[in-house]
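S.K.: Have a look at the structure that comes next, please.
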Amino acid sequence: TQLLEQSPQFLSIQEGENLTVYCNSSSVFSSLQWYRQEPGEGPVLLVTVVTGGEVKKLKRLTFQFGDARKDSSLHITAAQPGDTGLYLCAGEEGGSEKLVFGKGTKLTVNP
Amino acid sequence: NAGVTQTPKFQVLKTGQSMTLQCAQDMNHEYMSWYRQDPGMGLRLIHYSVGAGITDQGEVPNGYNVSRSTTEDFPLRLLSAAPSQTSVYFCASSRTGILTDTQYFGPGTRLTVL
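Residue numbers (our numbering), protein chains in the order written: chain A, 7 to 117; chain B, 4 to 117.
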C-alpha cells in the first residue's frame, strides 16, 4: 500500500495568517485529492489534481501537485475561523479505483 | 436528493455480536465504498463496489462482508464484532470512478464494541 504523509499533524494559528500543509509520498500517484472534514461529519472534496506541476485555486485556497506527482501542498491565505477543520489528502493507487488517505492535518484558526 | 445516508448514527455492540451498517444513495451512483476512521489513522478503505453485483476488498477487509444487490444500497456486515472494530465508519459514493467524479461521503456511523 502506498503511503501518504501529511505535515504538520496539528496547526493552530490566528485569523489572518497564511499557512501551508503538505502531503508527501515516496510513490507516484496518478492524481491527488484534498478533502476537508468538520467534527461529526464526513469529508468533503475540495479539489482533485491530476497533472504534475498543476496549480488550482479555490478562493483563498491554492493547491499544487508536485512535478513528479509524489507530493502536494495546500496553501491558505488570510485564514478565517471558518477554515477550521481536518484537511485530508488522498491518492489513487495506480488505476486501482482505491483511495489511500493521509492521516490529516488538524487546523484551528483562532479569532 | 438525500445524498448518502447511513444508519444507525451510533451503535454499541458486545464482543461477538453481529450487525449490519446500512448505506444508501439516491444519486444513481455506480461506485460505492466503505471506510473506517480511527484517531490518528486517517481513513482506511474496507470494501468497495464499482457497480451492482461487483465488490472488492480494500486495505482492511478482515472481519467485514459486503454485498451490492442494488445500485442504491451497499450494506457492511460485521460478522463477529471485536473491540478493534470500534471506529467511525463512512460510506461514500461517486457517479463512476473516484477520480473522474466527486466522491460524496455519508455522515458516518459511530460504533463502539465492548
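Glycine included, each C-beta is placed from N, C-alpha and C at the ideal position.
Keep in mind it's a predicted model, so treat the numbers as computed, not measured.
Roughly how many angstroms separate the alpha carbons of glutamate 60 (chain A) and glycine 72 (chain A), rounded to a whole number?
M.R.: By one-based count along the first sequence, residue 60 (chain A) stands at place 54. By one-based count along the first sequence, residue 72 (chain A) stands at place 66. Cα to Cα, glutamate 60 (chain A) sits roughly 7 Å from glycine 72 (chain A).
S.K.: For threonine 23 (chain B), list the residues DSSP reports as bridge partners.
M.R.: Here residue 23 (chain B) refers to the residue found at position 20 of the second sequence. In DSSP, threonine 23 (chain B) forms a bridge with B:Arg80.
S.K.: Would the stretch 6-24 of chain B and the stretch 22-38 of chain A be scored as touching if the rule is three or more Cβ pairs under 8 Å?
M.R.: no
S.K.: Apart from the five residues just before and just after methionine 35 (chain B), which ones in its own chain have a Cβ nearer than 6 Å to its Cβ?
M.R.: By one-based count along the second sequence, residue 35 (chain B) stands at place 32. Taken in chain order, the residues that qualify are Ser52, Phe77, Ser96.
S.K.: State the CB to CB distance for the pair glutamine 86 (chain A) and serine 78 (chain A), rounded to an integer number of angstroms; the pair is presumed to be in contact (CB under 8 Å).
M.R.: Translated into the one-based positions of the first sequence, residue 86 (chain A) becomes position 80. Translated into the one-based positions of the first sequence, residue 78 (chain A) becomes position 72. About 22 Å separates the two Cβ atoms, so there is no contact after all.
S.K.: Just the C-alpha distance for leucine 82 (chain B) and tyrosine 93 (chain A), rounded to the nearest angstrom, thanks.
M.R.: For this step, residue 82 (chain B) is matched to residue 79 along the second sequence. For this step, residue 93 (chain A) is matched to residue 87 along the first sequence. When rounded, the distance between both Cα atoms is 32 Å.
S.K.: Can you look up serine 52 (chain B) in the DSSP assignment and give me helix, strand or coil?
M.R.: Here the question's residue 52 (chain B) lines up with position 49 in the second sequence. In this structure, serine 52 (chain B) counts as strand in the three-state DSSP scheme.
S.K.: In terms of alpha-carbon separation, which member of A:Pro49, A:Leu10, A:Ala84, A:Ser37 lies closest to arginine 75 (chain A)?
M.R.: By 1-based counting over the first sequence, the position of residue 75 (chain A) is 69. Minimum Cα distance to arginine 75 (chain A) is reached at A:Ser37.
S.K.: Spell out whether any CB of chain A is found under 8 Å from the CB atom of glycine 56 (chain B).
M.R.: Against the second sequence, residue 56 (chain B) aligns to sequence position 53. By this cut-off, glycine 56 (chain B) is not an interface position.
S.K.: Considering only residues of the same chain and omitting the five flanking positions on each side of glycine 111 (chain B), which have a CB-CB separation below 7 Å?
M.R.: For the purposes of this step, residue 111 (chain B) is taken as the residue at position 108 of the second sequence. For glycine 111 (chain B), where only same-chain residues beyond five positions count, the Cβ hits under 7 Å are Gln9, Val91, Tyr92, Phe93.
S.K.: Report yes if the C-beta distance between phenylalanine 13 (chain B) and glycine 48 (chain A) is below 8 Å; otherwise report no.
M.R.: Position 10 of the second sequence, counted from the first residue, corresponds to residue 13 (chain B). Position 42 of the first sequence, counted from the first residue, corresponds to residue 48 (chain A). Cβ atoms of phenylalanine 13 (chain B) and glycine 48 (chain A): not closer than 8 Å.
S.K.: State yes or no: is the beta carbon of phenylalanine 77 (chain B) nearer than 8 Å to at least one beta carbon in chain A?
M.R.: Sequence index remark: in the second sequence, residue 77 (chain B) carries index 74 (1-based). Not closer than 8 Å to any Cβ of chain A, the Cβ of phenylalanine 77 (chain B) fails to qualify, so no.
S.K.: When we look at the beta-carbon of glycine 97 (chain A) and count the other beta-carbons within 10 Å, is it buried (16 or more) or exposed?
M.R.: Here residue 97 (chain A) corresponds to residue number 91 of the first sequence, with the count starting at 1. Its Cβ being crowded by 16 or more others within 10 Å, glycine 97 (chain A) is buried.
S.K.: Short of 7 Å Cβ to Cβ, which residues in the stretch 58-87 of chain B face chain A?
M.R.: Gly61, Glu62
S.K.: Which chain A residues sit within Cβ distance under 7 Å of isoleucine 101 (chain B)?
M.R.: Within the second sequence, residue 101 (chain B) is the residue found at index 98, counting from 1. Near isoleucine 101 (chain B) (Cβ distances below 7 Å), the residues of chain A are Glu98, Glu103, Leu105.
S.K.: When you compare only the Cα positions, how much space is there between glutamate 75 (chain B) and glycine 108 (chain A)?
M.R.: Numbered from its first residue, the second sequence carries residue 75 (chain B) at position 72. Numbered from its first residue, the first sequence carries residue 108 (chain A) at position 102. Computed Cα separation, rounded: 28 Å.
S.K.: When DSSP builds the beta bridges, which residues end up paired with alanine 85 (chain A)?
M.R.: To locate residue 85 (chain A), count along the first sequence from 1; it is residue 79. Beta-bridge pairing links alanine 85 (chain A) to no other residue.
S.K.: Return no unless some Cβ of chain A is closer than 8 Å to the Cβ of glycine 19 (chain B).
M.R.: Sequence index remark: in the second sequence, residue 19 (chain B) carries index 16 (1-based). Closer than 8 Å to the CB of glycine 19 (chain B) there is not a single CB belonging to chain A.
S.K.: Could you tell me the boundaries of the beta strand (DSSP E) in which glutamate 98 (chain A) lies?
M.R.: The residue given as residue 98 (chain A) occupies position 92 in the first sequence. 91-98 is the span of the beta strand (DSSP E), which, as asked, contains glutamate 98 (chain A).
S.K.: Give a yes or no on whether the minimum CB-CB distance between proline 49 (chain A) and chain B is below 8 Å.
M.R.: In the first sequence, the residue the question calls residue 49 (chain A) occupies position 43. True, the Cβ-Cβ gap to chain B drops below 8 Å.
S.K.: Report the CB separation of leucine 48 (chain B) from glycine 61 (chain B) in whole angstroms; it is logged as a contact under 8 Å.
M.R.: Numbered from its first residue, the second sequence carries residue 48 (chain B) at position 45. Numbered from its first residue, the second sequence carries residue 61 (chain B) at position 58. Leucine 48 (chain B) to glycine 61 (chain B), Cβ: 3 Å. Contact.
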